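Below: one structure, written as structure tokens.
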Amino acid sequence: MQIVVDLNRCQGYAQCVFLAPQVFELHGEEALLYVPTVPDGREEHVRQAVAACPVQAITAGEQAGGDSGAR
Amino acid sequence: MPADASSADTLFRRITDYANRADPYPLYAELREHKVARQEDGKYLVGTYDEIAALLHDPRVSSDLRNRAEPDPSIMPPEGPPPSFIGRDDPEHDRLRRLAMRPFGPPHSPGRIDALRGDIARISGQLADGLRGKSSFDLVDDFAFPLPVTVICDLLGVPSEDIPQVHTWADTVVSGLDFPPDEDPGARRHAAYEARSAMGQYLGELAEKRRHSPTDDMLSALANEDGPEGALTQQELMVTTVLLLIAGHETTVNLITNGMLTLLRNPEALERLRAEPELIPSAVEELLRYEPPVQFLPQRTPLADIEVAGVTIPKGVPLILVLAAGSRDPLRFPDPDRFDPARRDNQHFGFGSGIHNCFGAPLARLETQIALTTLINLLDGPRLLKDPPEYRNSPVLRGPRHLLLGQGKH
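Protein chains in written order, with the working numbering: chain A, 1 to 71; chain B, 1 to 410.
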């Protein structure tokens, strides 16, 4: 599973960091860092993070940018 | 001035009328037609998505009741400690919220909520096991209430033997938010104020103990904070932990209960979730849009005259943002009155938006996702025994008081 985050949309609500801290990380108070290729076994956490983003900035799929999104 | 019972300036009275608790949505549709509705008593209601979103991000809108032109003693006692961060504006809101966040989430404690998954699943499983073989039960008392309460008390560090007392206080505080018709609100508000003080006192003393012998809970972390911004003062710690405990208590209960109610009213959605459990996270977001536990924000005040949809809302008046109406705005959500667990582009107001966006949102999400998964898997052909159920009084924190379910063979 791969993810892309639209960092122009991201407003630093950090909901993804709470739900998948192995994949998303806050650098300082609001800059978001993430691992584009999701570690095995963390797919469910990422689906939760995708759904929880208040500005819908995260896309996840088998191939980044592909249409097999988690949503 | 006698008002026509169906005119827009009585909407708030009708929304808060207990007779409309089971289905306020037609009233919200009526509100959206007006976008902004001035009420008979000078309150302003806003119910459309774009207008609410703009106001939630507008620095001219205050959350601090001390900015009301006419103090409303019914929602704010004339004396007592300053409000918690939910009722403050920046920069104080930001400082208090940041300090409260240090032991709860990123950037300082990114794994705290994630680490609760196992505990939440275990407690959910135990509660659901207790329902096995029962042909009927109350989902609220037997499941939806004990789960979040146990979790928030554990997280903060409230010993289990004190939970009943804490619950009594929390109930009294929340009923202070009720708007029962034909009742002088004085006594109810006073009781709420007393309960809030007693709870603050209790949490303050508990934090004091943890200051000397810390454990791994949030109270210990808050009491022993030594970050660059210093710690919360003892009074700030008291009002902040009271807020977290009450908010962690009363809202998730309604989200879980509204969730099962909605799924049982929409059996095809329930079947779909059984077959596709990976849809649970998006189903919870849809619940937050479709049946949100917080229906409106009653405590905002403009700091200047603000024009909204051609109406000037004057400085200092009560401004009420009806989030549940915005989340069903057809201009924002296609087919908004349909519950669609796979809905995309679901930027709902279930947790508000902007700087006051729900502090506990990640915990509420996780609890509800796990709770609904557990219930869907373990209940045996659940069905509603009473629809609509009996609702709690509050039009703000709206949810069933009891939800009687049956299961097994008819």
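Beta carbons are placed, not taken as given, at the ideal position from N, Cα and C, and that holds for glycine. Being a predicted model, the structure only gives us computed values, none of them experimental.
Given residue i as reference, the closest of the options once Cα atoms are compared
i: L19(A); options: Q63(A), R42(A) and G61(A); result: R42(A)
i: L27(B); options: K35(B), I15(B), R38(B) and T215(B); result: I15(B)
i: F24(A); options: V4(A), Y34(A) and D40(A); result: Y34(A)
i: P422(B); options: D9(B), R32(B) and R272(B); result: Coverage of chain B is limited to positions 1 through 410, which leaves residue 422(B) absent and any answer about it impossible.
i: L99(B); options: P39(A), R9(A), E62(A) and E29(A); result: E29(A)
i: H108(B); options: C16(A), P36(A) and H27(A); result: H27(A)
i: L421(B); options: D162(B), D141(B) and G176(B); result: Residue 421(B) is absent from the model: chain B starts at 1 and stops at 410.
i: P277(B); options: C53(A), Q48(A) and C16(A); result: Q48(A)
i: D329(B); options: D94(B), H348(B) and P159(B); result: H348(B)
i: V308(B); options: L11(B), S6(B) and V36(B); result: V36(B)
i: Q22(A); options: Q15(A), V38(A) and L32(A); result: V38(A)
i: L127(B); options: S6(B), P148(B) and S7(B); result: P148(B)
i: P59(B); options: G47(B), P91(B), L378(B) and D9(B); result: P91(B)
i: V284(B); options: R189(B), D340(B), V317(B) and E194(B); result: D340(B)
i: R196(B); options: P83(B), P71(B), D184(B) and E229(B); result: P83(B)
i: S7(B); options: Y25(B), H34(B) and P24(B); result: H34(B)
Rounded distance between the beta-carbons of residue j and residue i, thought under 8 Å
i: A371(B); j: L279(B); result: Rounded, the Cβ-Cβ distance is 15 Å, inconsistent with contact.
i: Q273(B); j: I376(B); result: Sequence check: residue 273(B) is Leu here, not Gln. Contact flag correct, Cβ pair sits at about 6 Å.
i: P298(B); j: K315(B); result: The pair is not a contact, with the Cβ atoms about 18 Å apart (cut-off 8 Å).
i: A198(B); j: W169(B); result: 6 Å
i: Y18(B); j: I320(B); result: So it is not a contact: roughly 18 Å between Cβ atoms.
i: H356(B); j: S63(B); result: 6 Å
i: I52(B); j: G326(B); result: 4 Å
i: L255(B); j: T368(B); result: 5 Å
i: L139(B); j: L405(B); result: 5 Å
i: A52(A); j: Q2(A); result: Wrong, their Cβ atoms sit about 19 Å apart, outside the cutoff.
Same chain, Cβ closer than 6 Å to residue i, neighbours up to 5 away in sequence not counted
i: P81(B); result: Q235 and V239
i: T411(B); result: The structure shown does not extend to residue 411(B), since chain B spans only 1 to 410, so no value can be given for it.
i: P388(B); result: A22
i: G310(B); result: none
i: E70(B); result: none
DSSP three-state assignment for residue i, whether helix, strand or coil
i: Q2(A); result: strand
i: L33(A); result: strand
i: Y13(A); result: coil
i: G69(A); result: With a pLDDT of only 46 at G69(A), under the threshold of 50, the placement of this residue in the model should not be trusted; the figure read from the coordinates follows. In this structure, G69(A) counts as coil in the three-state DSSP scheme.
i: P277(B); result: helix
i: T59(A); result: strand
i: R88(B); result: coil
i: A37(B); result: strand
i: P400(B); result: strand
i: A3(B); result: Residue placement at A3(B) is poorly supported in this model, since its pLDDT is 46, which falls under 50; the coordinates are not used for a value here.
i: V23(A); result: coil
i: S135(B); result: coil
i: G350(B); result: strand
i: R392(B); result: coil
i: R383(B); result: strand
i: L405(B); result: strand
i: S124(B); result: helix
i: L99(B); result: helix
i: A361(B); result: helix
i: V38(A); result: coil
i: S160(B); result: helix
i: N8(A); result: coil
i: G118(B); result: helix
i: C153(B); result: helix
i: F143(B); result: helix
Own chain residues within Cβ distance below 7 Å of residue i, not counting five before or after
i: L156(B); result: D217, M218, L219, T241, L244 and L245
i: G380(B); result: Before going further, note that residue 380(B) is Asp rather than Gly in the sequence given. Hits under 7 Å: Q407 and G408.
i: T215(B); result: G157
i: A57(A); result: V5, D6, R9 and C10
i: V294(B); result: T251, L323, V396 and L397
i: P2(B); result: Residue confidence for P2(B) is low, a pLDDT of 46 falling below 50, so the modelled location carries little weight; the figure read from the coordinates is stated next. Excluding positions up to five away in sequence, the list is empty.
Neighbourhood of residue i by C-beta distance below 8 Å, restricted to the same chain and skipping five residues each side
i: I113(B); result: F104, G105, P362, L363 and L366
i: N13(B); result: According to the sequence displayed, residue 13(B) carries Arg and not Asn. Hits under 8 Å: Q39 and E40.
i: P24(B); result: I15, Q295, A324, P395 and R398
Within chain C, the residues that residue i reaches when beta carbons sit closer than 9 Å
i: Y34(A); result: As a matter of chain content, chain C is missing from the structure shown, whose protein chains are A and B.
heavy atom of the ligand ZN below 7 Å from residue i C-beta
i: N254(B); result: Among the components of this structure there are no ligands whatsoever, and the ligand ZN is therefore not found.
Within the stretch 283-343 of chain B, note down every full beta strand (DSSP E) run reaching 3 residues or more, in order along the chain. 297-302, 306-308, 311-313 and 319-321, all fully within the stretch 283-343 of chain B.
Which parts of the stretch 187-268 of chain B are runs of the beta strand (DSSP E), unbroken and 3 residues or longer, counting only runs that do not cross its ends? Within the stretch 187-268 of chain B, no complete beta strand (DSSP E) run reaches 3 residues.
What residue ranges within the stretch 5-72 of chain B form continuous beta strand (DSSP E) runs of no fewer than 3 residues, ordered along the chain? Scanning the stretch 5-72 of chain B from its first residue to its last, the whole beta strand (DSSP E) runs of 3-plus residues come out as 36-38 and 44-46.
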